[in-house]
Ligand SMILES: Cc1cc2nc3c(=O)[nH]c(=O)nc-3n(C[C@H](O)[C@H](O)[C@H](O)COP(=O)(O)OP(=O)(O)OC[C@H]3O[C@@H](n4cnc5c(N)ncnc54)[C@H](O)[C@@H]3O)c2cc1C
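Numbering (my numbering), first residue to last: 3 to 497.
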């Protein structure tokens, strides 16, 4: 077994681990990073960018939101079911963190919203070498971060997962990591866990969240996110924090593999959404906020909703553009919808349906034809009257479901990975169920991100990546305080 010693050992080289590594390097600390996969960047390599408020770019572009407003918005949204001190420190740091990343060489586009009424806090990264931002743009950021950490002398051990923490008395003082051909025993004054949660572990999702992967939920599974850090922390006494999925209302089709851009038409406010009893259950315009519409689905049988569209609405969207254009996908998804639908239906016959009448569509989707007919008739009457007495959908979105072709989409939860698992305090120190600090042990990013009280906050977009990066920086700043305390205690003992 190879022996290594360092000031800080970091487990995971996603955005959280990388931010911690750079901050450690900036303060002259000796840091080692153990990463399970062969590449750095973690899930952020698939994402677009982090949250920030009062960044230099926002100020230059006169984006009006302040950190005070964002803080109040956040705390109200979660009913204060998040550590307010931690949220304060995260938000107050977040603008300067965007500047820090920029100074490192990361380029950002105009701060973006997730949907029209959300805030412009999403600092979408520009791809390397210029061009327009798009899916996976944040990989350009993690590349810069990885290079910066190496420049600062951080040692990376790739394809070398950590497998165990070493705890002596009240302290965590190291870890064991193992590559294909070597085992390492690492001694460190502080260990930071940043392993990205359990999004690739259906058993944990079932056990701790109660959702069955592929049935109740489909989401991006990032290989290697097995909950390692969470399990290692629990083994040394960490408390369990609220666990959830970062999810929204979606379908089995979501994901880059399908290539079905028409899904964006099914996310428009003029759709009709019913539950398995063919009853309308929501103002469909809240589809813009996937996390809230997910909550509606969670109340329904099978956590499923049935989305119904018709060719006349698609045609309206084709001619006039959609109500909710995407800041990421800059095209009209209603263009070529029918052809794209047919192609996607071949791949996903269990999720996509098409018929020439509402009754026939109901049969195909496993719904009651008579009840669906009744619901559609009632809804169409509301559209004709320009007044939705049931759920108060805005008049401009009330387009009747009528035409020659009817399209159906079965919707379940979809998401980006897990949230939470390790209990921490505002210093990112890992604590027991009884709130006792496990000295020397810190958790950041997804493994510790239990701040949304069950409904992810798309309203302040970029939030999980923002939590990861800012948490990485803040944790190391708290570790510096901890080291100073250890040193002071040592000197006192000597005297
Ligand atoms: C498609 C997609 C798009 C997204 N877009 C955005 C976005 O635009 N904005 C936003 O805010 N969020 C976005 N997210 C979420 C965001 O990417 C995550 O919140 C963020 O990456 C979490 O960072 P992390 O460092 O905690 O974990 P991760 O990025 O998941 O990194 C964890 C790392 O730990 C490693 N690891 C796991 N186990 C071990 C072990 N035992 N030992 C060593 N290493 C280990 C993993 O290999 C991985 O590299 C997106 C997610 C997805 C799936």
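We put the CB at the ideal spot given by N, CA and C, even for glycine.
query                                                                                                                                                                                : result
Following a CB-centred definition, is residue 447 positioned closer than 7 Å to any heavy atom of ligand 1?                                                                          : yes
Rank 29, 4, 84, 91 by C-alpha distance to the C-alpha of residue 473 and give the top, closest one.                                                                                  : 91
By DSSP, does residue 231 sit in helix, in strand, or in coil?                                                                                                                       : helix
Taking one C-beta from the segment 174 to 181 and one from the segment 50 to 67 each time, how about it: are there three or more such pairs within less than 8 Å?                    : no
Thinking C-alpha only, which one of 128, 195, 383, 224 is nearest residue 39?                                                                                                        : 224
Tell me residue 4's beta-bridge partners as DSSP assigns them.                                                                                                                       : 186
With distances taken from CA atoms, which of 115, 220, 79, 34 is nearest residue 164?                                                                                                : 34
Candidates 82, 119, 144, 325: which alpha carbon is nearest residue 107's?                                                                                                           : 144
Give me the Cβ distance between residue 128 and residue 142, rounded to the nearest whole Å; I'm assuming they're in contact under 8 Å.                                              : 7 Å
Suppose only complete runs of 4+ residues qualify. What are the alpha helix (DSSP H) ranges in the segment 279 to 329, listed by chain order?                                        : 292 to 300, 313 to 322
Going by DSSP in three states, residue 266 sits in which element: helix, strand or coil?                                                                                             : helix
Taking all protein chains shown into account, decide if residue 305 is buried (16 or more other Cβ within 10 angstroms of its Cβ) or exposed.                                        : buried
Alpha carbon to alpha carbon, how far is residue 253 from residue 260?                                                                                                               : 11 Å
Let me make sure I understand the geometry here. Which of 476, 181, 278 has the alpha-carbon closest to that of residue 371?                                                         : 278
Looking only at its own chain, which residues have a Cβ that is under 7 Å from the Cβ of residue 405, when we skip the five neighbours before and after it?                          : 312, 313, 314
Just checking my contact of residue 11 with residue 471 at CB under 8 Å: how many whole Å lie between their CB atoms?                                                                : Residue 11 to residue 471, Cβ: 19 Å. No contact.
Can you say whether residue 496 is buried or exposed, counting buried as having 16 or more other CB atoms within 10 angstroms of its CB?                                             : exposed
Using a threshold of 8 Å, state whether the C-beta atoms of residue 369 and residue 247 are closer than that.                                                                        : no
Label residue 47 either buried or exposed according to how many other C-beta atoms from any shown protein chain fall within 10 Å of its C-beta, with 16 as the threshold for buried. : buried
So residue 355 and residue 410 are in contact, right, with Cβ under 8 Å, and what is the actual spacing, rounded?                                                                    : 4 Å
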